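Undergrad: Everything in the sequence shown is counted per our numbering, starting at 13 for the first residue and increasing by one.
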Amino acid sequence: MKLNKKFILDAVEEHGTPLLIVDHDIIRQNYAAFRKHLPRIQAYYAVKAFTNEEIVKTLFNAGCSFDVASMPEFNMVYECVKYMPPQRRQDWIWDKIIYAHPIKSESTLRELDKYKPLVTYDNREEIRKIRKNAPNAGLALRLKVPNTGAMVELSSKFGASPGEAVDLILAADKAGLTVEGISFHVGSQTTNFQNYVQAINLAANVFQEARSRGYRKMNLLDIGGGFPAPYDKSVRPFRELARTINSELNRLFPKDIQILAEPGRFIVATAATEVSQIIGKAVRDGKLCYYINDGVYHTFSGIIFDHCSYHFESLKGGKKELCTVFGPTCDALDVVSMSEMLPSRLKIGDVLTSRNIGAYSIVSSTSFNGFPSAKILHINN
Ligand SMILES: *Cc1c(COP(=O)(O)O)cnc(C)c1O
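1) What first and last residue would you give for the alpha helix (DSSP H) that runs through residue 152?
2) Could you check what DSSP says for residue 311 in three-state terms: helix, strand or coil?
3) Of the residues 20, 35, 19, 48, which one's Cα is nearest the Cα of residue 250?
4) Less than 9 Å separating the beta-carbons of residue 34 and residue 391?
5) Taking all protein chains shown into account, do 16 or more other C-beta atoms lie within 10 angstroms of the C-beta of residue 179, making it buried, or fewer, making it exposed?
6) Measuring straight from C-alpha to C-alpha, what distance separates residue 389 and residue 287?
7) Quick check on residue 60: buried or exposed, where buried means 16 or more other Cβ atoms within 10 Å of its Cβ?
8) Which residues share a DSSP beta bridge with residue 56?
9) Could you pull the start and end residues of the beta strand (DSSP E) that residue 160 belongs to?
10) Taking 8 Å as the line, does the beta carbon of residue 197 fall inside it for any heavy atom of ligand 1?
11) Kindly give me the distance between the Cβ atoms of residue 20 and residue 365, rounded to whole angstroms, as I take these residues to be in contact under 8 Å.
12) Below 8 Å, is the gap between the Cβ of residue 166 and the nearest heavy atom of ligand 1?
13) Relative to the C-alpha of residue 260, which residue among 362, 18, 207, 32 is closest?
14) I need the straight-line Cα distance from residue 267 to residue 255, nearest angstrom please.
15) Could you tell me the distance, in whole angstroms, from the CA atom of residue 215 to the CA atom of residue 170?
16) If you draw a straight line from the C-alpha of residue 289 to the C-alpha of residue 234, how long is it?
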């Protein structure tokens, strides 16, 4: 099924708008590209980017594993993977799920314990909580690494500094827990490829220091998420980033170290297209303004939470002018774009589309002001 004009108009007719069309062929292609260019790395899709059962199923069938960060996310993925036969090792669940939130409530840890999960941590209080509530968990230390130039910065909230990393590994060991390896996150939509180089080098130093201080049980490196989606031409090709990552990994980490990554945005961003309709039209201060039935409290929430911007295409042609696109709510914050070139003759009911909006969009949609979230339409799944 191809997402052409006819398909979109038929879908609007059948389902109404706002509509979010998710193309599972693209999800599979993105996952395949990730595996092809990073052959040493097992991908754990970060389900928070687009939390959806159909997407989990498609990726599971393609061989993907999953990164979860809450109990509902864990349960959704577990429902999908639990029928897998136990594999080589008893802790097969590690092959399919990592619980990658460094801060977990005690009740979450108690629930997780029976699964013998792999979890991340970055501080002493967390060691105490894990020892008390989830003694069967395996651990990965989340390391603080530079997030320079990422669209979404994370290093101020999470991560042990490189200077305290080995102390935290030894402290967990002393508490009777096993630290399996190191994880980090370079920041989301990282177009500065040096972040990965620096982070991999920092992690290699921690591995070495841990060994020299007598801790030899680490066997995994988790290079996190941050892989950029090709939103525009300024994003260099993924294969260039992959080449850089591969050469650092091969230089610094022997083959017996298992390497994983947690791509979220890269897998789903390009797989979804938002379809809205014009519900109002006005000229304000000389500028043409279109009001549509989706906005920043809804599918375009990434404008606020993800620091992302989106653009529009009109299914109808015509002479274009610079306009503003507003969302449907009463709040003046609900501005989707201040600078879109759109045909000036569009009418109420005309259809606009916005591509590359699969990541961090509908997952943070609200029902503010009574406007419901977009309906999701899966194709090619
Ligand atoms: C959000 C998140 C991811 C996914 O990040 P992307 O930038 O979407 O690839 C991966 N790992 C962790 C721990 C996260 O918090």
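Quick reminder that beta carbons are idealized off the backbone N, C-alpha and C, glycines included. In this text the structure is predicted, and so the values were computed from the model without any measurement.
TA: Quick look at the numbers:
1) If you number the sequence shown from 1, residue 152 lands on position 140. Element bounds for residue 152: not the alpha helix (DSSP H) but the beta strand (DSSP E), 150-155.
2) As a first step, residue 311 is located in the sequence shown; it is residue number 299 there, counting from the start. Helix.
3) Within the sequence shown, numbered from 1, the residue matching residue 250 stands at position 238. Selected option, being the one with the closest Cα: 48.
4) Here residue 34 corresponds to residue number 22 of the sequence shown, with the count starting at 1. Here residue 391 corresponds to residue number 379 of the sequence shown, with the count starting at 1. Yes, the Cβ-Cβ distance between residue 34 and residue 391 is below 9 Å.
5) One-based indexing of the sequence shown puts residue 179 at position 167. Exposed.
6) Sequence index remark: in the sequence shown, residue 389 carries index 377 (1-based). Sequence index remark: in the sequence shown, residue 287 carries index 275 (1-based). The straight-line gap from Cα to Cα measures roughly 11 Å.
7) As a position in the sequence shown, residue 60 is number 48, starting the count at 1. Buried.
8) Here residue 56 refers to the residue found at position 44 of the sequence shown. DSSP output for residue 56 lists 77 as bridge partner(s).
9) By one-based count along the sequence shown, residue 160 stands at place 148. Taken as a continuous stretch (DSSP letters only), residue 160 belongs to no beta strand (DSSP E), as it is neither H nor E.
10) Along the sequence shown, one-based indexing puts residue 197 at 185. Indeed, a heavy atom of ligand 1 lies less than 8 Å from the Cβ.
11) Reading the sequence shown from its first residue, position 8 is the one you call residue 20. Reading the sequence shown from its first residue, position 353 is the one you call residue 365. Indeed they touch by this definition, with Cβ atoms about 6 Å apart.
12) Start at 1 with the first residue of the sequence shown, and residue 166 comes out as number 154. Yes; taking the cut-off as 8 Å, the Cβ of residue 166 has a heavy atom of ligand 1 nearer than that.
13) The residue you call residue 260 lines up with position 248 of the sequence shown. When each option's Cα is compared against that of residue 260, the closest is 207.
14) Within the sequence shown, the letter at position 255 stands for residue 267. Within the sequence shown, the letter at position 243 stands for residue 255. Distance between the alpha carbons of residue 267 and residue 255: 17 Å.
15) The count along the sequence shown starts at 1 and reaches residue 215 at position 203. The count along the sequence shown starts at 1 and reaches residue 170 at position 158. Using only the alpha carbons, I get a separation of about 15 Å.
16) The count along the sequence shown starts at 1 and reaches residue 289 at position 277. The count along the sequence shown starts at 1 and reaches residue 234 at position 222. So the alpha carbons of these two residues sit roughly 42 Å apart.
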